[in-house]
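**Q** Quick one: the structure is below, questions incoming.
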Amino acid sequence: MRSHRLHSLRRQDVGKTVELNGWANKVRNLGKMVFVDLRDRWGITQVVLDPATIPIASQLRAEWVIAISGEVIARPTNMVRKDIATGEIEVSATTCQVISEAAELPFPIADGSKIEPSDTTRFTYRYLDLRRAKLKENIIARSTLTRLFRQEFENHDFLDIETPMLYKSTPEGAQEFIVPSRVQAGNFYALPQSPQVFKQLLMIAGFDRYYQIVKTFRDEDLRADRQPEFTQIDCEMSFVDQEQVLETIEAIVQKVLQQYLPDYQPTPFMRLTYDDAMQHYGSDKPDLRYDLRLHRLDAKDFVDGIPDALVAEEAGELVVIAARSCAEKYSRKRLDALQSLFMQAGGKRLAWCKVLADEWKTSIRGGISAATQAVLRTKLALQTGDMLFIGLGASPVLLTAMGTVRQHLAVELELTDPSQFKWAWITDFPLFERNDAGELASMHHPFTMPREQDLPLLGVQPLEAKAQAHDLVLNGVEVAGGSIRIHRPDVQAQVFTALGLSQQEIDSKFGFLLQALRYGTPPHGGIAFGFDRLVMLLTGNSSIREVIAFPKTYKGTCLMTSSPSPLAQELLAPYHIKSLVKPP
RNA sequence: GGGGACGUAGUUAAGCUGGUUAUAACGCCGGCCUGUCACGCCGGAGGCCGCGGGUUCAAAUCCCGUCGUUCCCGCCA
Numbered sequence: 009m010r011s012h013r014l015h016s017l018r019r020q021d022v023g024k025t026v027e028l029n030g031w032a033n034k035v036r037n038l039g040k041m042v043f044v045d046l047r048d049r050w051g052i053t054q055v056v057l058d059p060a061t062i063p064i065a066s067q068l069r070a071e072w073v074i075a076i077s078g079e080v081i082a083r084p085t086n087m088v089r090k091d092i093a094t095g096e097i098e099v100s101a102t103t104c105q106v107i108s109e110a111a112e113l114p115f116p117i118a119d120g121s122k123i124e125p126s127d128t129t130r131f132t133y134r135y136l137d138l139r140r141a142k143l144k145e146n147i148i149a150r151s152t153l154t155r156l157f158r159q160e161f162e163n164h165d166f167l168d169i170e171t172p173m174l175y176k177s178t179p180e181g182a183q184e185f186i187v188p189s190r191v192q193a194g195n196f197y198a199l200p201q202s203p204q205v206f207k208q209l210l211m212i213a214g215f216d217r218y219y220q221i222v223k224t225f226r227d228e229d230l231r232a233d234r235q236p237e238f239t240q241i242d243c244e245m246s247f248v249d250q251e252q253v254l255e256t257i258e259a260i261v262q263k264v265l266q267q268y269l270p271d272y273q274p275t276p277f278m279r280l281t282y283d284d285a286m287q288h289y290g291s292d293k294p295d296l297r298y299d300l301r302l303h304r305l306d307a308k309d310f311v312d313g314i315p316d317a318l319v320a321e322e323a324g325e326l327v328v329i330a331a332r333s334c335a336e337k338y339s340r341k342r343l344d345a346l347q348s349l350f351m352q353a354g355g356k357r358l359a360w361c362k363v364l365a366d367e368w369k370t371s372i373r374g375g376i377s378a379a380t381q382a383v384l385r386t387k388l389a390l391q392t393g394d395m396l397f398i399g400l401g402a403s404p405v406l407l408t409a410m411g412t413v414r415q416h417l418a419v420e421l422e423l424t425d426p427s428q429f430k431w432a433w434i435t436d437f438p439l440f441e442r443n444d445a446g447e448l449a450s451m452h453h454p455f456t457m458p459r460e461q462d463l464p465l466l467g468v469q470p471l472e473a474k475a476q477a478h479d480l481v482l483n484g485v486e487v488a489g490g491s492i493r494i495h496r497p498d499v500q501a502q503v504f505t506a507l508g509l510s511q512q513e514i515d516s517k518f519g520f521l522l523q524a525l526r527y528g529t530p531p532h533g534g535i536a537f538g539f540d541r542l543v544m545l546l547t548g549n550s551s552i553r554e555v556i557a558f559p560k561t562y563k564g565t566c567l568m569t570s571s572p573s574p575l576a577q578e579l580l581a582p583y584h585i586k587s588l589v590k591p592p
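In our numbering, the protein residues as written are 9 to 592.
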């Protein structure tokens, strides 16, 4: 029986007889003596074996699972390793039993190797990748954060209630995963994109506060921060206004951060309206670790008139970003790259100026007059060595295009310190937006409550209406989103109507919700965290695959289990499905 | 759906303006080694150069297609 885990033995344990189990992280065979770094989830302990008494010692290889018994001894003084917790001792083995041999490894598990396996290799042998320190620590950190969030939600009287995985198709949102019913011929469930409607029904049922750490599913194309199945921390509260939701959630997050990050100094989350975020940062999820603010320029900023190069054919507006001390960093090539980035994002032209001591260098034909330079210097607090990026285009695309430039500049100028955490609430989102077909669509979802004062706008100027919706943004990533929900059936009906749904559609899709709202519904609202993204940021990773034990590839496949896989027609038949694709 | 990068021993890479037997490191196998911790030294094995087609006297190398991994845009109520 194992007597100790592999992180725990210290100098004061010298003389103890111990039995240790684990993986041979590293084997160093010196002929007449063999050193094995024994590893488990908790740490590493060095074992020294004498092949003269333990012949198997010279056969040991990396990643074999072994059990040894022996005596804890102090390392010779000059052999003490200060960088390892157990570095003062080692275990002199008296027995060694091989529990399980390991085949030749596709990549080294132990730290310190220069060889970094490719993604394909890592995915194929995910269980081995998970043995490596980095991924292992990410998964442990995730477990810690799960525990801390659970504790805090429980402390705030939230009830953990499960909602169905086999749900109903609601095709308004993301592409869904569908599940054929065997019993109900020709009918389908859908996997939930969110437990949205169920948590509202739980509020109607009177549970008052609900939370759930739960998988949700979206059959969309993947990204570094998107997986087809991902984990939400979903929650909902009754008898609250938006301010109370924000305060409660912020308190929970702050408490979790204090327990998770040892040096965390809690500062209140910043508050920004959607309009301010767009105007100042060109994004509804601005990264606030750096300033690089967007400023409007107009005719009065140009003493001698706006240079021809900055006058658009049609309605043109000008937005400028002043970047500090980077005039020397921007070569022609980098500027061209920025320019094409800006154009791709929908901007018309991106000009630049280098603020130099004597004469400004600029891409603007004819240059910038001394008088205008003086105005800009004051307006933007310019110093020699700064650089201006002036974007020409039409709102609102100009703002988002400049937001893209801003983000790109920050990366190039190394302003994105991953150890820094800048949180912000974004509020007052538009209730609706126009989709590609020019139709009205919910920006958040159709159960979002408009601001009280905007209710009269629903029938007349719906695009002007703002929602009681809120996103939580961390370092430029949307980590949570939610809203106050509609608790009045008449308002809900108005929103459905504004969205152009017929009475028949409303009844078939959301009839049960409208019905439920009629039986005494408390005002309620909540939020859902993208837990994978949150863990990714808090662990300093740039892909959520690094914090998910068994993620999917970019194409949504699993290289380890080879899923998804074709099903023969006879296996599909019970589900009343006929495949149009011939299995390979 | 669109655009970019990558694919060569078990692994990670070099080779790519075509030309002898495809190179290195780590790993693996054998030998030596009592204080290693990226142990060291000596020797060895290991290749459908992703796959298919084309150009050529000759293709890892050039061209076309395809598959896979990845990053971005679209998409993600």
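The beta-carbon is built from N, C-alpha and C at its ideal position, and this holds for glycine as well.
Between the beta-carbon of Val26 and the beta-carbon of Val35, is there less than 8 Å?
**A** Cβ atoms of Val26 and Val35: not closer than 8 Å.
**Q** Helix, strand or coil: which one does DSSP assign to Tyr583?
**A** Three-state DSSP puts Tyr583 in a helix.
**Q** Which whole-angstrom value is the C-beta distance of Thr224 and Gln208, which I expect to be below 8 Å?
**A** Going by Cβ atoms, the distance from Thr224 to Gln208 rounds to 16 Å, so no, they are not a contact pair.
**Q** What span of residues does the alpha helix (DSSP H) with Asn163 cover, start to end?
**A** 141 to 163
**Q** Tell me the DSSP secondary structure of Phe225 in three-state form.
**A** strand
**Q** Where in the region 313 to 379 do unbroken runs of the beta strand (DSSP E), each at least 3 residues long, occur, reported from the N-terminal end onward?
**A** 325 to 331, 357 to 362
**Q** Does DSSP put Gly411 in a helix, in a strand, or in coil?
**A** helix
**Q** Out of Val481, Glu447, Ser551, Phe437, which has the shortest C-alpha to C-alpha gap to Ala473?
**A** Phe437
**Q** Which of the three DSSP states, helix, strand or coil, is assigned to Ala198?
**A** Correct three-state label for Ala198: strand.
**Q** Just the Cα atoms here: how many angstroms apart are Pro592 and Leu580?
**A** Residue placement at Pro592 is poorly supported in this model, since its pLDDT is 49, which falls under 50; the coordinates still yield a value, given next. The straight-line gap from Cα to Cα measures roughly 16 Å.
**Q** How many angstroms separate the CA atom of Glu145 from the CA atom of Ile494?
**A** 42 Å
**Q** Find out if the Cβ-Cβ distance for the pair Leu17, Asp48 is shorter than 8 Å.
**A** no
**Q** Would you report the Cα separation of Pro531 and Asp498, rounded to the nearest angstrom?
**A** 14 Å
**Q** Suppose you measure from the CA of Leu417 to the CA of Gly399; what does that come to, to the nearest Å?
**A** 14 Å
**Q** I'd like the span of the alpha helix (DSSP H) that includes Asp21, first residue to last.
**A** No alpha helix (DSSP H) holds Asp21; DSSP gives it neither H nor E.
**Q** When the Cβ atoms of the region 298 to 314 are set against those of the region 266 to 282, are three or more pairs found closer than 8 Å?
**A** no
**Q** Can you tell me where the beta strand (DSSP E) holding Arg134 begins and where it ends?
**A** It is not in any beta strand (DSSP E) - Arg134 instead sits in the alpha helix (DSSP H) that spans 134 to 137.
**Q** Terminal residues of the continuous alpha helix (DSSP H) containing Met286?
**A** 282 to 289
**Q** Which two residues bound the contiguous beta strand (DSSP E) that contains Gly490?
**A** 485 to 492
**Q** Verify whether the separation of the beta carbon atoms of Pro470 and Ala506 is less than 8 Å.
**A** yes
**Q** Taking 8 Å as the cut-off, decide whether the C-beta atoms of Phe238 and Asp479 are in contact.
**A** no
**Q** Rounded to the nearest angstrom, what separates Leu439 and Ala213 at their Cα positions?
**A** 27 Å
**Q** Report back the beta-carbon spacing between Ser100 and Glu79 to the nearest angstrom; my notes put them in contact at under 8 Å.
**A** 5 Å
**Q** If distances are taken between C-alpha atoms only, which option among Val589, Gln476, Thr386 comes closest to Thr435?
**A** Gln476
**Q** Leaving out five residues on either side along the sequence, give the residues of the same chain with a beta carbon under 8 Å from the beta carbon of Gln577.
**A** Lys586, Ser587
**Q** If you draw a straight line from the C-alpha of Gly290 to the C-alpha of Trp50, how long is it?
**A** 45 Å
**Q** Given a cut-off of 8 Å on the beta-carbon distance, is the pair Gln415 and Asp295 in contact?
**A** yes
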